[in-house]
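Q:
There are 2 protein chains.
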Amino acid sequence: MSSQLLRVQCFNVSQDGFGAGEGQSLERPFGHADPAPLWSWAGATASWVNRTDPGGTRGLDDYLTRDHTRNIGAEIMGRNKFGPQRGPWENHEWQGWWGDTPPFHTPVFVLTHHERPSFTLADTTFHFLDATPAEALARAKQAAGGRDVRLGGGVATVREFIEAGLVDTMHIAVAPVELGRGERLWESHTDLLDRFHLDTVPSPSGVTHLLFWRR
Amino acid sequence: MSSQLLRVQCFNVSQDGFGAGEGQSLERPFGHADPAPLWSWAGATASWVNRTDPGGTRGLDDYLTRDHTRNIGAEIMGRNKFGPQRGPWENHEWQGWWGDTPPFHTPVFVLTHHERPSFTLADTTFHFLDATPAEALARAKQAAGGRDVRLGGGVATVREFIEAGLVDTMHIAVAPVELGRGERLWESHTDLLDRFHLDTVPSPSGVTHLLFWRR
């Protein structure tokens, strides 16, 4: 295993394996799915990256949210995590869902068949790459300054990197909710057990943390 | 809660509540207790501070060992963690159990009624304080450069800081072994529930992680 890992952290799916609903739009980044029941376990913790007020829990879930940023030097995401547009860019005004201060604080590599110029918001720079997963990972590791790379999603991007054999560790939180349709991460997570070790850890908050690491 | 926390991390006890056996000596830091069954869960992980070879697990237990050093800027320990001597120092030759490169990499404050000069081994400096828990914590926070302070043990020192109301978070790993006698952390951990929230997390490795945080 390389000393620089490719890690999925705090990626949330429903009990039936969906990471997002159907019909993503500007108003509904998760499509028909209500993101609250998928994400509330993370938002309740003291260390969650988007927390603005003091307080929050410091139990098991907090250990998981702390690792979302620990030793991360770059993020790779698919175009569907960056925004709702498909096909050629109509303009470059859209700069992601996250406002003037995105919560990444590192270089971010957005995979797309339609490249566009890099731009910087606060301490996050977005680059756009038309590249294979292996090429994108090489670029991201170079930019990460010796730190690990986080694979941020969405679902199709996580699947693509798993299939390319590039993912070292994965934390998937299974929320106690069913979505019925949308972007599916897996039929069953047991499909991955030929390639990964797995710890299954039920949390007092109601989610189940699945912790995978490469065999 | 202060932005600088006092944290207990990876402190191991037996099912019957003992953190060390009876009869500590130079040869047996844990007295009659065999430390292996208390510590083996941590030693198996990829991130354990004393790991020398590559490899190791990256599941739940690894999240816990990673936090042993994350954002720690100083350690406080009792004299019984530092060494087996009691009473006035016969000489200053003893420099702890850890050889030329102690695994702390920060200032360490050793509580003792018998002060002695500070000394440095690699990137760890040991200071010796005859002080109350609150005084020692103030010194350690000052030395920690904005980071948290780890309370390293032993048992008597952890109890003393709990009783003084100074501990913010605590990770205690309960190993599937009984010691019968020795240094007892508690009769029952439920005694602490008036002062702490608790997540109880059984690990696939066989230990149970108890995660406390201040109410």
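The listed protein sequences derive, respectively, from chains A and B.
Throughout the first sequence, residue numbering follows this note's numbering, covering 1 to 215 in sequence.
Throughout the second sequence, residue numbering follows this note's numbering, covering 216 to 430 in sequence.
Note that the Cβ used here is the ideal one computed from N, Cα and C, for glycine as well.
(1) Do Leu198 of chain A and Ile76 of chain A have their beta-carbon atoms positioned less than 7 Å apart in this structure?
(2) Indicate whether at least one CB of chain B lies closer than 7 Å to the CB of Leu193 of chain A.
(3) If you draw a straight line from the alpha carbon of Leu193 of chain A to that of Asp276 of chain B, how long is it in whole angstroms?
(4) Just verifying my parser: in three-state terms, what is the DSSP assignment at Met216 of chain B?
(5) Taking only runs of the alpha helix (DSSP H) that begin and end inside the stretch 403-427 of chain B, which ones reach a length of at least 4 residues, in chain order?
(6) What does Ile287 of chain B pair with, by DSSP beta-bridge criteria?
(7) Spatial neighbours of Arg184 of chain A within its chain, please: C-beta separation below 6 Å, excluding the five flanking residues on both sides.
(8) Pull up the CB-CB distance for Gln95 of chain A and Leu129 of chain A, whole angstroms please, since I reckon it's below 8 Å.
(9) For my contact list, Ser14 of chain A and Ala175 of chain A are in at a C-beta cut-off of 8 Å; report their separation, rounded to the angstrom.
(10) Please decide whether Val392 of chain B counts as near chain A, where near means a Cβ-Cβ distance under 7 Å.
(11) In chain order, what are the residue ranges of uninterrupted beta strand (DSSP E) at least 3 long that sit wholly in the stretch 71-145 of chain A?
(12) Distance cutoff 7 Å, beta carbons only. Does Val382 of chain B sit that close to anything in chain A?
(13) What does DSSP give as the partner residue(s) for Asn227 of chain B in the beta ladder?
(14) Counting only beta-carbon separations shorter than 7 Å, does Arg58 of chain A have a partner in chain B?
(15) Taking 8 Å as the cut-off, does the stretch 294-313 of chain B touch the stretch 233-251 of chain B (at least 3 CB pairs, one atom from each stretch)?
(16) Give the secondary structure of Thr280 of chain B by DSSP, where H, G and I count as helix, E and B as strand, and everything else as coil.
(17) Taking a cut of 9 Å between CB atoms, which residues from the stretch 27-60 of chain A lie near chain B?
(18) Taking 7 Å as the CB-CB cut-off, is Leu121 of chain A touching chain B?
(19) Taking C-alpha atoms, which residue in A:Arg7, A:Thr57 and A:Val49 lies nearest to Trp98 of chain A?
(20) Under three-state DSSP, which class holds Ala235 of chain B?
(21) Specify the secondary structure class of Arg159 of chain A as computed by DSSP and reduced to three states.
(22) Closest to Arg328 of chain B by CA distance: which of B:Arg294, B:Asn227, B:Pro317 and B:Val422 is it?
(23) Only counting the same chain, and skipping five residues up and downstream in sequence, which positions put a Cβ closer than 6 Å to that of Thr101 of chain A?
(24) Please list, in chain order, all residues of the same chain as Leu425 of chain B whose beta carbon is under 7 Å from its beta carbon, the five residues on each side excluded.
(25) According to DSSP, is Arg214 of chain A part of a helix, a strand, or is it coil?
(26) Rounded to the nearest angstrom, what separates Gly56 of chain A and Arg430 of chain B at their Cα positions?
(27) May I ask you to report which of helix, strand or coil DSSP gives Leu221 of chain B?
(28) Near Leu394 of chain B, what residues of its chain come up, given a Cβ to Cβ distance below 7 Å and the 5 sequence neighbours on each side ignored?
(29) Is the CB of Asp231 of chain B under 7 Å away from at least one CB in chain A?
(30) Take the Cβ of Pro417 of chain B as the centre, count every other Cβ of all protein chains shown within 10 Å, and call the residue buried at 16 or more, exposed below.
(31) What is the residue span of the alpha helix (DSSP H) that Gly258 of chain B lies within?
A: By the coordinates alone:
(1) no
(2) Taking 7 Å as the threshold, the shortest C-beta distance from Leu193 of chain A to chain B does not fall below it.
(3) 19 Å
(4) Because Met216 of chain B carries a pLDDT of 44, less than 50, the predicted location of this residue cannot be relied on, and no value is offered for it.
(5) If only complete runs of 4 or more residues are kept, the stretch 403-427 of chain B shows no alpha helix (DSSP H) anywhere.
(6) B:Asp363
(7) Gly17 and Phe18
(8) Their Cβ separation, rounded to whole angstroms, is 17 Å, which puts Gln95 of chain A and Leu129 of chain A out of contact at 8 Å.
(9) With a beta-carbon spacing of about 6 Å, Ser14 of chain A and Ala175 of chain A fall inside the 8 Å limit used to define contacts.
(10) no
(11) 72-78, 107-111, 119-121 and 124-129
(12) Not an interface residue.
(13) According to DSSP, which records beta bridges pairwise, Asn227 of chain B is partnered with B:Ala388.
(14) yes
(15) They touch, by the three-pair rule.
(16) helix
(17) From the stretch 27-60 of chain A, only Ala46, Pro54, Gly55, Thr57, Arg58, Gly59 and Leu60 have a Cβ closer than 9 Å to chain B.
(18) no
(19) A:Val49
(20) When secondary structure is reduced to three states using DSSP, Ala235 of chain B falls in the strand class.
(21) helix
(22) One point to set straight first is that residue 328 of chain B is His, not Arg, in the sequence displayed. That would be B:Arg294, whose Cα lies nearest to the Cα of His328 of chain B.
(23) Only Ala122 meet the Cβ criterion.
(24) Ile387, Val389, His404, Leu413 and Thr415
(25) strand
(26) 11 Å
(27) strand
(28) Excluding five sequence positions before and after Leu394 of chain B, the CB atoms of its chain that fall closer than 7 Å to its own CB belong to Ser229, Asp231, Phe233, Gly236 and Ala248, given in chain order.
(29) For Asp231 of chain B, the answer is no, since every Cβ of chain A falls outside 7 Å of its Cβ.
(30) exposed
(31) Pro250 to Gly258
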